[in-house]
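Residue numbers (this note's numbering): 2 to 482. The C-beta atom is built at its ideal place from N, Cα and C for all residues, glycine as well. Written out below as structure tokens is the structure these notes cover.
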Amino acid sequence: MRSFLVTKIFIVVLFLSQFMYSGVFAKETPASFADLAEKLMPSVVNISATRVVETRPQTPFPFQFPPGSPFEDFFNEFNRQQQAPQKRQSTALGSGFVISADGIVITNNHVIQGSEGIFVKFTNNKEYEAKVIGTDPVSDIAVLQIQSKDKFKPVTFADSDKARVGEWVMAIGNPFGLGGTVTSGIISAINRDIQMGRYDNFIQTDASINQGNSGGPLFNMNGEVVGINTAIFSQSGGSVGIGFAIPSTFAKNVIAQLREFGETRRGWLGVRIQEVTKEIAESLGMKEAIGALVADVNDKSPAKTSGVKEGDVIIEFNGIKIDTMRKLPKVVADAPVGKKAIFKIWRDKKIIEKTIVLGRLEDSEEFKEKVEPKKLEKQEDLLLKSLGAKVRNVNDQDVSSRKLPTGKNGVIIQEIIEDGALFDSTIQVGDVVVALQNIKIINVADFSEKLEKLIKAGSKSLLLTVIDSQNRSRYVGVKVK
Numbered sequence: 002m003r004s005f006l007v008t009k010i011f012i013v014v015l016f017l018s019q020f021m022y023s024g025v026f027a028k029e030t031p032a033s034f035a036d037l038a039e040k041l042m043p044s045v046v047n048i049s050a051t052r053v054v055e056t057r058p059q060t061p062f063p064f065q066f067p068p069g070s071p072f073e074d075f076f077n078e079f080n081r082q083q084q085a086p087q088k089r090q091s092t093a094l095g096s097g098f099v100i101s102a103d104g105i106v107i108t109n110n111h112v113i114q115g116s117e118g119i120f121v122k123f124t125n126n127k128e129y130e131a132k133v134i135g136t137d138p139v140s141d142i143a144v145l146q147i148q149s150k151d152k153f154k155p156v157t158f159a160d161s162d163k164a165r166v167g168e169w170v171m172a173i174g175n176p177f178g179l180g181g182t183v184t185s186g187i188i189s190a191i192n193r194d195i196q197m198g199r200y201d202n203f204i205q206t207d208a209s210i211n212q213g214n215s216g217g218p219l220f221n222m223n224g225e226v227v228g229i230n231t232a233i234f235s236q237s238g239g240s241v242g243i244g245f246a247i248p249s250t251f252a253k254n255v256i257a258q259l260r261e262f263g264e265t266r267r268g269w270l271g272v273r274i275q276e277v278t279k280e281i282a283e284s285l286g287m288k289e290a291i292g293a294l295v296a297d298v299n300d301k302s303p304a305k306t307s308g309v310k311e312g313d314v315i316i317e318f319n320g321i322k323i324d325t326m327r328k329l330p331k332v333v334a335d336a337p338v339g340k341k342a343i344f345k346i347w348r349d350k351k352i353i354e355k356t357i358v359l360g361r362l363e364d365s366e367e368f369k370e371k372v373e374p375k376k377l378e379k380q381e382d383l384l385l386k387s388l389g390a391k392v393r394n395v396n397d398q399d400v401s402s403r404k405l406p407t408g409k410n411g412v413i414i415q416e417i418i419e420d421g422a423l424f425d426s427t428i429q430v431g432d433v434v435v436a437l438q439n440i441k442i443i444n445v446a447d448f449s450e451k452l453e454k455l456i457k458a459g460s461k462s463l464l465l466t467v468i469d470s471q472n473r474s475r476y477v478g479v480k481v482k
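Okay, here's the thing in structure tokens:
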């Protein structure tokens with residue numbers, strides 16, 4: 002039993018996510034949000050996504066009959082029927098918003114992922130079926146089309162690059178399935194990296210966001226969408242005033258690709274990069290610590306073909322200054338595939354230029370390895386010293402008794418070692434870890450392999466997606482010891 006107070010902070014992905022705020026151009030505290038809320042609520046929808054989950058009964062008929070018994074065949078058949086896989090329906094709730102009169106709806110990918118039926122409901126209680134136009138698990142964005150010839154009231158996107166800390170914002174969403182809930186706050190921070198993925202650039206807000214608000218809009222005071230509510234930091238699973246939204250400027254590019262192609266087409270350079278510290282800058286003869294230091298170059302990449310080398314510092318891309326390492330992946334991803342891009346590189350204490358034809362990230366081996374894990378050898382359980390925990394595979398009995406929404410994917414925490422990485426986290430014995438850094442986990446061997454790669458790459462913080470004993474999903478940030 003622990004005799005000291007441990008502060009437990011984790012990220013909750015809002016399978017139902019409220020909203021955040023980004024009050025753009027607000028000069029003073031609004032007297033009321035009522036007029037703005039009344040104008041915008043008809044454009045916000047509650048989303049319900051149904052999934053079919055396969056389960057098995059926990060135990061067969063308890064009695065055994067001797068061979069040749071007249072009851073043997075009857076009860077053997079009974080047991081076979083009872084142990085046959087059974088299906089049940091599971092429903093996830095979230096939020097979304099309309100961006101076109103013909104019914105294009107934006108939400109989070111995790112709200113509708115794996116669903117077999119999607120329905121959107123407006124504040125006037127009209128409900129429509131929707132189909133998926135395209136999804137992007139990397140950015141957690143999904144585009145839906147309402148199956149109706151009715152006309153809808155769309156909202157527009159703001160330029161989130163112009164959003165400022167301290168501006169007022171308003172969120173509308175479906176927290177805990179209640180629907181049509183309005184909250185307000187300010188932009189608390191911008192460009193937040195919360196270790197959810199390579200393109201982390203979140204708007205932070207203190208607007209109240211809870212489970213069920215995922216995919217809902219964060220509006221500025223002009224009634225424009227400045228962000229898509231996605232996650233929160235919390236000690237309890239409820240709002241504590243630290244929420245995160247995908248910036249609209251980033252989201253618009255992803256949405257445009259999903260609408261046009263049904264998939265994303267991100268630019269790809271093919272380098273592994275790291276931060277340029279003050280010490281590194283001085284050693285390379287740079288006047289300031291800017292850019293992205295190339296740590297490794299993929300042998301089959303556009304960077305390799307164009308002569309980019311390890312030790313180069315990329316300081317500019319197509320006229321955009323790369324002032325921090327985190328900026329490079331974002332600007333490269335937004336660039337058109339197959340087109341020439343001009344880089345400025347610091348090498349041998351001088352600036353040189355390189356022209357590179359960008360590849361497509363989704364076609365690269367590094368991307369495929371993340372979304373299409375190879376088949377792994379069977380391994381039932383394993384002690385992971387880096388996490389300070391023993392894990393095991395999910396079995397049929399777990400799926401049946403707990404009605405796990407993810408089936409047999411993931412690993413179950415069997416034991417947490419004192420003073421290990423998980424000891425001070427909110428993760429408990431019996432929790433199911435279903436994803437690492439937003440990448441699905443298949444089993445123990447898969448988890449171990451992914452974990453080892455991250456640690457070898459120097460990762461100090463991990464993001465685990467966890468399902469607890471009540472089948473509630475959340476994110477948990479863990480520091481590797």
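Inter-residue spacing [alpha-carbon to alpha-carbon] between PRO31 and ASP335: Rounded to whole angstroms, the gap between the alpha carbons of PRO31 and ASP335 is 35 Å.
Along the chain, which unbroken stretches of the alpha helix (DSSP H) at least 4 residues long are found entirely within the segment 337-417? Secondary structure within the segment 337-417: the alpha helix (DSSP H) runs of 4 or more consecutive residues, fully enclosed, are 366-372 and 397-403 (chain order).
Straight-line Cα distance separating GLY408 from SER470: Here the alpha carbon of SER470 sits roughly 14 Å from the alpha carbon of GLY408.
Simplified DSSP assignment, three categories, for GLN258: When DSSP states are grouped into helix, strand and coil, GLN258 belongs to the helix group.
Where ASN110 sits in the DSSP three-state scheme: Helix.
Just the C-alpha distance for ASN109 and GLU311, rounded to the nearest angstrom, thanks. Distance between the alpha carbons of ASN109 and GLU311 is about 37 Å.
Alpha carbon to alpha carbon, how far is ILE417 from PHE368? Taking the Cα positions, ILE417 is about 32 Å away from PHE368.
Have a look at ASP425, GLN429, VAL433 and VAL314 and flag the residue whose alpha-carbon is nearest the alpha-carbon of ASN410. When C-alpha distances from ASN410 are compared across ASP425, GLN429, VAL433 and VAL314, the shortest belongs to VAL433.
C-alpha gap between ALA446 and ASN394, whole angstroms: For the pair ALA446 and ASN394, the Cα-to-Cα distance works out to about 9 Å.
Determine, using beta carbons only, whether GLY228 and SER249 come nearer to each other than 7 Å. The Cβ atoms of GLY228 and SER249 lie closer than 7 Å to each other.
Tell me which residue opens and which closes the beta strand (DSSP E) that PHE245 is part of. It spans 244-248 - the beta strand (DSSP E) in which PHE245 sits, taken as one unbroken run.
Less than 7 Å separating the beta-carbons of ALA252 and ALA208? ALA208 sits away from ALA252, with the two beta carbons spaced by 7 Å or more.
Return the bridge partner residues of GLY95 from the DSSP annotation. Beta-bridge pairing links GLY95 to ILE48.
Beta-carbon spacing of THR231, ASP141 below 7 Å: Going by C-beta atoms, THR231 is nearer than 7 Å to ASP141.
Could you check if ASN396 is buried or exposed, using at least 16 other CB atoms within 10 Å of its CB as the buried criterion? Exposed, because fewer than 16 other Cβ atoms sit within 10 Å of the Cβ of ASN396.
Could you tell me if the beta carbon of GLY213 falls within a distance shorter than 6 Å of some heavy atom in the ligand HEM? In terms of ligand content, the structure shown is empty, and the ligand HEM therefore cannot be addressed.
Beta-carbon separation (whole angstroms), ALA246 vs LEU270, contact threshold 8 Å: At roughly 27 Å, the Cβ-Cβ gap does not stay under 8 Å, so ALA246 and LEU270 are not in contact.
Are at least three pairs of beta-carbons, each pair with one atom in the segment 164-182 and one in the segment 284-303, less than 8 Å apart? At 8 Å Cβ cutoff, the stretches do not touch.
Got a sec? Which residues, its chain only, sit under 8 Å from THR124 by beta carbon, not counting five neighbours each side? The answer, listed in chain order, is MET42, PRO43, VAL45, GLY180 and GLY181.
On the DSSP letters alone, give me the boundaries of the beta strand (DSSP E) that VAL483 sits inside. Absent from the structure is residue 483, since the part of the chain shown begins at 2 and ends at 482.
Do ILE315 and ILE323 count as a contact pair if the criterion is CB distance below 7 Å? Going by C-beta atoms, ILE323 is nearer than 7 Å to ILE315.
Helix, strand or coil: how does DSSP classify SER23 here? Residue placement at SER23 is flagged as unreliable, the pLDDT there being 40, under the threshold of 50; the coordinate-derived value follows with that caveat. It is coil, neither helix nor strand.
Would you kindly report the start and end of the unbroken alpha helix (DSSP H) that includes LEU294? Careful: LEU294 lies outside any alpha helix (DSSP H), inside the beta strand (DSSP E) at 293-298.
So, are the CB atoms of ARG273 and ASP297 less than 7 Å apart? Contact: yes.
Backbone secondary structure at MET222 - three-state DSSP: In the structure shown, MET222 sits in coil (DSSP, three-state: anything other than H, G, I, E or B).
Counting only the same chain and skipping the five closest in sequence on each side, list residues whose C-beta sits under 8 Å from that of VAL338. When the five nearest sequence neighbours on each side are left out, the beta carbons in the same chain lying within less than 8 Å of the beta carbon of VAL338 are those of ARG266, ARG267, GLY268, TRP269, LEU359, GLY360 and ARG361, in order along the chain.
Suppose you measure from the CA of GLU450 to the CA of ASP399; what does that come to, to the nearest Å? The alpha-carbon atoms of GLU450 and ASP399 are separated by roughly 23 Å.
Leaving out five residues before and five after ILE352 in sequence, what residues of the same chain have Cβ atoms less than 8 Å from its Cβ? These residues qualify, in order along the chain: ILE316, LYS345 and ILE346.
Straight-line Cα distance separating VAL121 from ILE195: Approximately 29 Å, taken between the alpha carbons.
DSSP state of LYS288 mapped onto helix, strand, coil: Here LYS288 carries a coil assignment [DSSP, helix/strand/coil].
What separation, rounded to the nearest whole angstrom, lies between the Cα atoms of ASN223 and GLU39? Note on geometry: alpha-carbon atoms of ASN223 and GLU39 lie some 13 Å from one another.
Range of the contiguous beta strand (DSSP E) that encloses ILE456: Careful: ILE456 lies outside any beta strand (DSSP E), inside the alpha helix (DSSP H) at 445-457.
Between which two residues does the beta strand (DSSP E) holding VAL166 run? Per DSSP, VAL166 belongs to no beta strand (DSSP E) and is neither H nor E.
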